[in-house]
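Here the protein sequences line up with chains L and X, keeping their order.
Quick note: the first sequence uses this note's numbering, first residue 1, plus one each step.
Quick note: the second sequence uses this note's numbering, first residue 101, plus one each step.
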Amino acid sequence: MVQTLDRTDLNAVVEQGELVLLDQPWVTLVWNDPVNLMSYVSWVFRSYFGFDKAEADRRMLLVHTEGRAVVATGVREEMERHVEAMHDFGLWATLQKADA
Amino acid sequence: MSGFSRSRSGDVTGTFSVDEARIIRDLAGQISGLLTDRVTHGSDPALDRLLPDAYRDNDDNAAEFRRFTEDDLAERKVRNAGVVVLSLDVAPKRKRVSIEVDDPGVQSWLRTLTDIRLTLGSRLNTVDEAPRTPQDENEEIMLSIYDWLGYVQETLIRAIDV
């Protein structure tokens with residue numbers, strides 16, 4: 001026998017907005033630009049995202065060589081906050097669905 | 101030597117010639133004016149770079165994001181430029197301007213130097229990292245200021261990167 005799901009609990013979960021499993025995550029991308037210094041981009045990645053030096057440098061070099069790098073993954077609202085913060089630093093950042 | 105350094109006590113200090121200080125103050129003021137007097141999005145490549153689209157392939161999302169964030173973002177940039185202008189507003193000693201910059205000041209300086217360089221880069225049509233040949237005297241001046249401010253920013257990053 002399987003117990004019937006308690007509807008109240010289910011509603012509570014939905015209301016808390018935790019059903020993101022079915023949704024595609026979003027990513028924050030930082031794009032290469034010809035102006036910003038490599039040392040500055042790396043510093044921004046460390047000071048804002050909390051990456052250690054090696055990880056910050058790795059992602060900065062990805063931006064430099066590949067033209068872009070993913071710097072964060074998560075829900076859309078969070079990625080929007082990151083993008084706005086990057087624009088505040090003067091970095092060129094966008095967000096999109098992870099599979100796009 | 102102009103630029104920033106960290107003293108033994110940990111303070112970040114900047115030293116500039118009177119002319120250098122005036123140039124930075126003028127340019128920071130211009131950034132402030134550019135952002136304050138901005139009109140519609142899409143009419144100035146420099147502004148589009150200072151306040152870029154948050155979505156690349158979705159104009160509706162980009163416009164909505166802009167509606168909710170652009171004014172605040174521009175206001176913060178204007179405030180940062182104001183901090184830079186104010187910090188340079190000191191009497192020079194022996195033709196040098198020497199300033200001490202606290203932690204929030206460093207944040208403003210880094211961002212404003214970036215915003216100035218983004219704007220100069222946009223005006224100069226910078227598309228790659230390679231040094232470009234100036235087309236006239238005005239471009240030559242802009243280009244040397246652009247490079248010099250990159251150096252100043254580098255000294256500031258080195259001063260705080262301990």
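Note that the Cβ used here is the ideal one computed from N, Cα and C, for glycine as well.
Listed by chain order, chain X residues near residue i by CB distance under 7 Å
{"i": "Gly90 (chain L)", "result": "Arg211, Thr214, Asp215, Leu218"}
{"i": "Val71 (chain L)", "result": "Under the 7 Å cutoff, chain X gives no residues; its nearest Cβ is about 14 Å from Val71 (chain L)."}
{"i": "Val83 (chain L)", "result": "Ala154"}
{"i": "Glu80 (chain L)", "result": "Ala154, Phe165"}
Below-8 Å beta-carbon distance, residue i vs any chain A residue
{"i": "Glu66 (chain L)", "result": "Although the question refers to chain A, the structure presented lacks it and instead comprises the protein chains L and X."}
Beta-carbon neighbours of residue i, restricted to chain L and to distances below 7 Å
{"i": "Glu254 (chain X)", "result": "Leu37, Ser39"}
{"i": "Gly221 (chain X)", "result": "Pro34, Val35"}
Short Cβ contact (8 Å threshold) for residue i with residue j
{"i": "Val206 (chain X)", "j": "Leu150 (chain X)", "result": "no"}
{"i": "Arg332 (chain X)", "j": "Gln96 (chain L)", "result": "Look at the range of chain X in this structure, 101 to 262, and you will see that residue 332 (chain X) is not part of it."}
{"i": "Lys53 (chain L)", "j": "Arg59 (chain L)", "result": "no"}
{"i": "Leu224 (chain X)", "j": "Leu249 (chain X)", "result": "no"}
{"i": "Val185 (chain X)", "j": "Ile199 (chain X)", "result": "no"}
{"i": "Phe89 (chain L)", "j": "Thr214 (chain X)", "result": "yes"}
{"i": "Pro145 (chain X)", "j": "Ser222 (chain X)", "result": "yes"}
{"i": "Ser117 (chain X)", "j": "Lys195 (chain X)", "result": "yes"}
{"i": "Pro34 (chain L)", "j": "Thr226 (chain X)", "result": "yes"}
{"i": "Ala98 (chain L)", "j": "Leu29 (chain L)", "result": "no"}
{"i": "Leu173 (chain X)", "j": "His87 (chain L)", "result": "yes"}
{"i": "Ala56 (chain L)", "j": "Val27 (chain L)", "result": "no"}
{"i": "Ile260 (chain X)", "j": "Val112 (chain X)", "result": "yes"}
Assigned exposure category for residue i - 16 Cβ within 10 Å defines buried
{"i": "Lys177 (chain X)", "result": "buried"}
{"i": "Ile131 (chain X)", "result": "buried"}
{"i": "Tyr251 (chain X)", "result": "exposed"}
{"i": "Ser282 (chain X)", "result": "Lying before the first or after the last residue shown, residue 282 (chain X) is absent from chain X, which here runs from 101 to 262."}
{"i": "Glu164 (chain X)", "result": "exposed"}
{"i": "Gly114 (chain X)", "result": "buried"}
{"i": "Ser187 (chain X)", "result": "buried"}
{"i": "Ile216 (chain X)", "result": "buried"}
{"i": "Thr140 (chain X)", "result": "exposed"}
{"i": "Glu66 (chain L)", "result": "exposed"}
{"i": "Val75 (chain L)", "result": "exposed"}
{"i": "Glu120 (chain X)", "result": "buried"}
{"i": "Val70 (chain L)", "result": "exposed"}
Chain-ordered neighbours of residue i on chain X, where CB pairs are closer than 8 Å
{"i": "Gln24 (chain L)", "result": "Within 8 Å Cβ-Cβ: nothing; Gln24 (chain L) doesn't reach chain X, min ~14 Å."}
{"i": "Leu95 (chain L)", "result": "Ala154, Tyr155"}
Cross-chain neighbours of residue i in chain L, by beta carbon under 9 Å
{"i": "Arg176 (chain X)", "result": "Asp88"}
{"i": "Gly182 (chain X)", "result": "Those within 9 Å of Gly182 (chain X) in chain L number zero; the least Cβ separation is about 15 Å."}
{"i": "Gly110 (chain X)", "result": "Ordered by position in chain L, no residue passes the 9 Å Cβ test against Gly110 (chain X), which lies about 17 Å from the chain."}
Under 8 Å by beta carbon: chain L residues contacting residue i
{"i": "Asp261 (chain X)", "result": "Ser39, Trp43"}
{"i": "Ile257 (chain X)", "result": "Leu37, Ser39, Tyr40, Trp43"}
{"i": "Gly250 (chain X)", "result": "Leu37"}
{"i": "Thr226 (chain X)", "result": "Pro34, Val35"}
- Task: Could you list the residues in the stretch 30-42 of chain L with a C-beta less than 7 Å from some C-beta on chain X, going in chain order?
- Result: Within the stretch 30-42 of chain L, the residues whose Cβ lies closer than 7 Å to some Cβ of chain X are Pro34, Val35, Asn36, Leu37, Ser39, Tyr40, listed in chain order.
- Query: Using Cβ-Cβ distances below 8 Å, what residues of the stretch 137-156 of chain X are close to chain L?
  - Reply: Arg149, Leu150, Leu151, Pro152, Asp153, Ala154, Tyr155, Arg156
- Message: For the structure I just gave you, are there three or more beta carbon pairs, one from the stretch 34-51 of chain L and one from the stretch 124-134 of chain X, closer than 8 Å?
- Response: no
- Message: With three or more beta-carbon pairs closer than 8 Å as the criterion, would you say the stretch 71-85 of chain L touches the stretch 196-206 of chain X?
- Response: no
- Task: Specify whether the stretch 232-242 of chain X and the stretch 165-180 of chain X touch according to this definition: at least 3 beta carbon pairs, one from each stretch, less than 8 Å apart.
- Result: no
- For the stretch 158-175 of chain X, enumerate the residues whose C-beta is nearer than 7 Å to any C-beta of chain L, in chain order. Phe165, Thr169, Leu173
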